[in-house]
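Asks: Just so you know, we're using UniProt numbering here: the sequence shown kicks off at 1 and counts up by one.
From the three backbone atoms N, C-alpha and C, an ideal C-beta is built for every residue, glycine too.
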Amino acid sequence: MTTEETPLLRAEHISVDHDNVYDRFSPWKKRGILILVSLSGLLPLFASGTFIPAIPQIAHDLATSPEIVTFTISMSIFGAALGSMAMATYSGFYGRRPVYLAGLPFFCLGSYQIAVSQNIYYLIAWRFIQNVGISGGISLGAGVIGDIYKLEERGFAMGVFFGAVLLGPAIAPVTGGIATHYASWRMLQWGFLIYGLALLISMALWLPETSHPGTLGAEKAEDQQPQSNGSTRRQKWRWVWLNPFSCLGLLLSPNLMLLTRCKLTVLLVPLAYTIGAKYGITNEALIGAVFIPCGVGNMVGAPLAGYISDRIIIAYRAKRGGDWYPEDRLRGTLFGAAFCVPLSVLFTGLTIEYVPGRMGLLLCLGWLFMNGIGASTLYHIWSRS
1 MTTEETPLLR AEHISVDHDN VYDRFSPWKK RGILILVSLS GLLPLFASGT
51 FIPAIPQIAH DLATSPEIVT FTISMSIFGA ALGSMAMATY SGFYGRRPVY
101 LAGLPFFCLG SYQIAVSQNI YYLIAWRFIQ NVGISGGISL GAGVIGDIYK
151 LEERGFAMGV FFGAVLLGPA IAPVTGGIAT HYASWRMLQW GFLIYGLALL
201 ISMALWLPET SHPGTLGAEK AEDQQPQSNG STRRQKWRWV WLNPFSCLGL
251 LLSPNLMLLT RCKLTVLLVP LAYTIGAKYG ITNEALIGAV FIPCGVGNMV
301 GAPLAGYISD RIIIAYRAKR GGDWYPEDRL RGTLFGAAFC VPLSVLFTGL
351 TIEYVPGRMG LLLCLGWLFM NGIGASTLYH IWSRS
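Written out as structure tokens, the structure is:
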């Protein structure tokens with residue numbers, strides 16, 4: 001009978017060479033790879049978040065309304081969603097490195113075209129392409145870390161990675177606000193172009209293929225083929241159509257569905273109209289700075305969540321005599337789901353309503369820090385389950 005304890009994903013048989021496959025890279029090489037994928041994982045949410053403070057300036061510059069400019073954010077999120085699923089799917093067939101190197105040029109091209117765009121329709125189209133290009137930063141990064149770190153070690157590495165990922169939406173508004181206020185929204189896109197080119201060159205030089213030998217679909221398709229004369233040959237490279245939407249079937253689990261709904265955005269999106277309006281913060285850069293405690297909470301919470309989830313895996317693996325389920329990590333979400341996230345939202349609302357002045361603002365910043373810890377714990381452990 002299927003219950004909530006029934007695993008969605010069955011653990012594969014662990015062979016004698018299970019540990020050896022994680023020893024292909026030295027500890028220093030692993031740290032270098034972790035830095036590269038973290039720098040890539042920072043971009044998707046950061047690039048989207050920096051756009052928000054620039055909306056009024058973009059609307060004025062392109063002679064359109066703020067509502068239409070806001071539509072570009074929806075299109076960029078849609079592009080990121082499609083691109084993330086496609087890149088994750090194809091990375092399992094062709095490898096992590098080729099997909100990284102294929103996506104980053106689109107991000108660079110999109111950044112350039114946005115910087116020189118002269119009408120809103122041009123901007124919307126290239127925002128979509130820009131976010132498709134960098135959308136694999138999160139999904140591919142998680143796959144790379146799973147490739148190079150052992151089961152009981154990867155939680156902390158994933159914590160570092162998601163600390164960088166979740167730092168993006170926290171520092172993006174203040175970065176976008178400062179750039180827009182003191183320079184131009186176009187200068188920010190030139191900055192993304194430089195960042196993307198530097199990351200592309202770094203990936204090309206120092207990121208190896210991390211997929212386990214013999215596991216890629218392309219490797220299996222290129223197995224030596226027998227010939228009529230008894231010889232063998234390799235198939236030439238060919239494009240294979242894959243279904244990027246198959247991963248959506250995992251959302252049939254109520255655990256995963258509920259955790260995807262638990263986001264820190266419930267506090268951050270209306271921040272200018274809640275904390276900003278209550279405490280008289282009107283400067284774009286200062287409003288963006290209010291996001292920083294959430295980012296710091298993300299940086300603290302994600303590595304902490306990784307450590308906790310590793311300890312849980314080790315404990316339950318020993319309890320079952322070596323067997324483990326990916327869902328074991330979900331036990332580590334209880335504290336964040338039951339206390340940090342709901343209480344931080346409640347206390348923020350009460351503080352805004354009843355506590356005026358500097359003390360109220362300081363308390364709200366503390367609740368945002370608490371929310372960042374809880375949300376990053378949920379997001380990180382859910383992603384590894």
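Given a cut-off of 7 angstroms on the beta-carbon distance, is the pair Asp328 and Ile314 in contact?
Replies: Mapped onto the sequence shown, residue 328 falls at position 328. Mapped onto the sequence shown, residue 314 falls at position 314. Not closer than 7 angstroms, so no.
Asks: How close, in whole Å, do the beta carbons of Phe71 and Ile124 come, if the pair is a contact with beta carbons under 8 angstroms?
Replies: As a position in the sequence shown, residue 71 is number 71, starting the count at 1. As a position in the sequence shown, residue 124 is number 124, starting the count at 1. Contact flag correct, Cβ pair sits at about 7 angstroms.
Asks: Terminal residues of the continuous alpha helix (DSSP H) containing Trp28?
Replies: Along the sequence shown, read from residue 1 onward, the residue named residue 28 stands at position 28. Taken as a continuous stretch (DSSP letters only), the alpha helix (DSSP H) holding Trp28 covers 27-49.
Asks: Indicate whether Val99 and Gly136 have their beta-carbon atoms separated by less than 7 angstroms.
Replies: Within the sequence shown, numbered from 1, the residue matching residue 99 stands at position 99. Within the sequence shown, numbered from 1, the residue matching residue 136 stands at position 136. Against a cut-off of 7 angstroms, the Cβ pair of Gly136 and Val99 comes out as a contact.
Asks: How far does the alpha helix (DSSP H) with Ser65 in it reach, from first residue to last?
Replies: On the sequence shown, residue 65 is found 65 positions in, with the first residue counted as 1. Element bounds for Ser65: n/a, residue is neither H nor E.
Asks: Would Asn298 and Ser376 be called neighbours here (beta carbons separated by less than 7 angstroms)?
Replies: As a position in the sequence shown, residue 298 is number 298, starting the count at 1. As a position in the sequence shown, residue 376 is number 376, starting the count at 1. Yes; because the gap between Cβ atoms is below 7 angstroms, this pair is in contact.
Asks: Using CA atoms only, rank isn't needed, just tell me which of Gly95, Trp126, Cys294 is closest to Gly366.
Replies: Walking along the sequence shown from the start, residue 366 turns up at place 366. The residue with the shortest Cα to Cα distance from Gly366 is Cys294.
Asks: With H, G and I counted as helix, E and B as strand and the rest as coil, what does DSSP make of Ala183?
Replies: Locating residue 183 in the sequence shown gives position 183, where the first residue counts as 1. Coil, per DSSP.
Asks: Would you check if the distance between the CB atom of Lys141 and the CB atom of Gly41 is smaller than 7 angstroms?
Replies: One-based indexing of the sequence shown puts residue 141 at position 141. One-based indexing of the sequence shown puts residue 41 at position 41. Per the sequence shown, residue 141 should be read as Gly rather than Lys. Going by C-beta atoms, Gly141 is nearer than 7 angstroms to Gly41.
Asks: Alpha carbon to alpha carbon, how far is Trp185 from Leu286?
Replies: For the purposes of this step, residue 185 is identified with residue 185 of the sequence shown, where counting begins at 1. For the purposes of this step, residue 286 is identified with residue 286 of the sequence shown, where counting begins at 1. Cα-Cα distance, rounded: 17 angstroms.
Asks: Suppose the cutoff is 7 angstroms on Cβ atoms and the five residues either side in sequence are ignored; what does the same chain contact list for Ser84 look like?
Replies: For the purposes of this step, residue 84 is identified with residue 84 of the sequence shown, where counting begins at 1. Cβ neighbours of Ser84 beyond the five flanking positions: Ser135, Gly136, Ile138, Ser139.
Asks: Which residue's Cα is closest to the Cα of Gly336: Ile201, Leu304, Pro244?
Replies: Within the sequence shown, residue 336 is the residue found at index 336, counting from 1. Ranking Ile201, Leu304, Pro244 by Cα distance to Gly336 puts Leu304 first.
Asks: When you compare each of Arg358, Tyr325, Leu363, Leu330 to Leu343 by their alpha carbons, which one comes out closest?
Replies: Here the question's residue 343 lines up with position 343 in the sequence shown. Selected option, being the one with the closest Cα: Leu363.
Asks: Hey, Thr210 and Asp147: beta-carbon distance below 7 angstroms or not?
Replies: Sequence index remark: in the sequence shown, residue 210 carries index 210 (1-based). Sequence index remark: in the sequence shown, residue 147 carries index 147 (1-based). Yes, the Cβ-Cβ distance between Thr210 and Asp147 is below 7 angstroms.
Asks: I need the DSSP call for Ser84, collapsed to helix, strand or coil.
Replies: The sequence position of residue 84 within the sequence shown is 84, counting from 1. DSSP places Ser84 in helix when its eight states are reduced to three.
Asks: When the Cα atoms are used, what is the spatial distance from Tyr307 to Gln118?
Replies: What you label residue 307 is simply residue 307 of the sequence shown in a count that begins at 1. What you label residue 118 is simply residue 118 of the sequence shown in a count that begins at 1. Roughly 48 angstroms separates the two Cα atoms.
Asks: Would a C-beta distance cut-off of 7 angstroms place Ala289 and Thr180 closer than the cut-off?
Replies: One-based indexing of the sequence shown puts residue 289 at position 289. One-based indexing of the sequence shown puts residue 180 at position 180. The answer is no: Cβ separation not under 7 angstroms.
Asks: Any beta-carbon of chain B closer than 7 angstroms to the one on Ile114?
Replies: Chain labels in this structure do not include chain B; a single protein chain is all it has.
Asks: What separation, rounded to the nearest whole angstrom, lies between the Cα atoms of Gly214 and Asn243?
Replies: Here residue 214 refers to the residue found at position 214 of the sequence shown. Here residue 243 refers to the residue found at position 243 of the sequence shown. If I take the Cα positions, the gap works out to 21 angstroms.
Asks: On a Cα-Cα basis, can you pick out the residue from Leu167, Phe25, Gln113 that is closest to Phe291?
Replies: Here residue 291 refers to the residue found at position 291 when the sequence shown is read from its first residue. The candidate whose alpha carbon is nearest that of Phe291 is Leu167.
Asks: When the Cβ atoms of the segment 21-37 are set against those of the segment 148-165, are three or more pairs found closer than 8 angstroms?
Replies: Contact holds: three or more Cβ-Cβ distances are below 8 angstroms.
Asks: Along the chain, where does the alpha helix (DSSP H) that runs through Trp126 open and close?
Replies: Sequence index remark: in the sequence shown, residue 126 carries index 126 (1-based). Taken as a continuous stretch (DSSP letters only), the alpha helix (DSSP H) holding Trp126 covers 120-134.
Asks: Out of Met359, Tyr195, Cys340, point me to the one whose CA is closest to Phe369's CA.
Replies: Working through the sequence shown from its first residue, we reach residue 369 at position 369. With distances taken between Cα atoms, Phe369 lies closest to Cys340.
Asks: With a cut-off of 8 angstroms, do at least 3 Cβ pairs link the segment 153-160 to the segment 102-117?
Replies: No, the segment 153-160 is not in contact with the segment 102-117.
Asks: Evaluate Phe46 with the Cβ neighbour count: other Cβ atoms within 10 Å of its Cβ, from every protein chain shown; 16 or more gives buried, anything less gives exposed.
Replies: Within the sequence shown, numbered from 1, the residue matching residue 46 stands at position 46. So Phe46 ends up on the buried side.
Asks: Tell me which same chain residues have a C-beta within less than 6 angstroms of the C-beta of Arg317, skipping the five on either side of it?
Replies: The sequence position of residue 317 within the sequence shown is 317, counting from 1. Same-chain partners within the cutoff: Trp324.
Asks: List the endpoints of the continuous alpha helix (DSSP H) containing residue 412.
Replies: With the chain covering 1 to 385 only, the question about residue 412 has no answer from this structure.
Asks: Where does the unbroken alpha helix (DSSP H) through Ser211 begin, and where does it stop?
Replies: As a working note, residue 211 is residue 211 in the sequence shown. Run containing Ser211: none; DSSP gives neither H nor E here.
Asks: Quick check: what's the CA-CA separation for Ile14 versus Val37?
Replies: Taking the first residue of the sequence shown as position 1, residue 14 is located at position 14. Taking the first residue of the sequence shown as position 1, residue 37 is located at position 37. At Ile14, the pLDDT of 44 sits below 50, so the modelled position is not reliable and the matter cannot be decided from this model.
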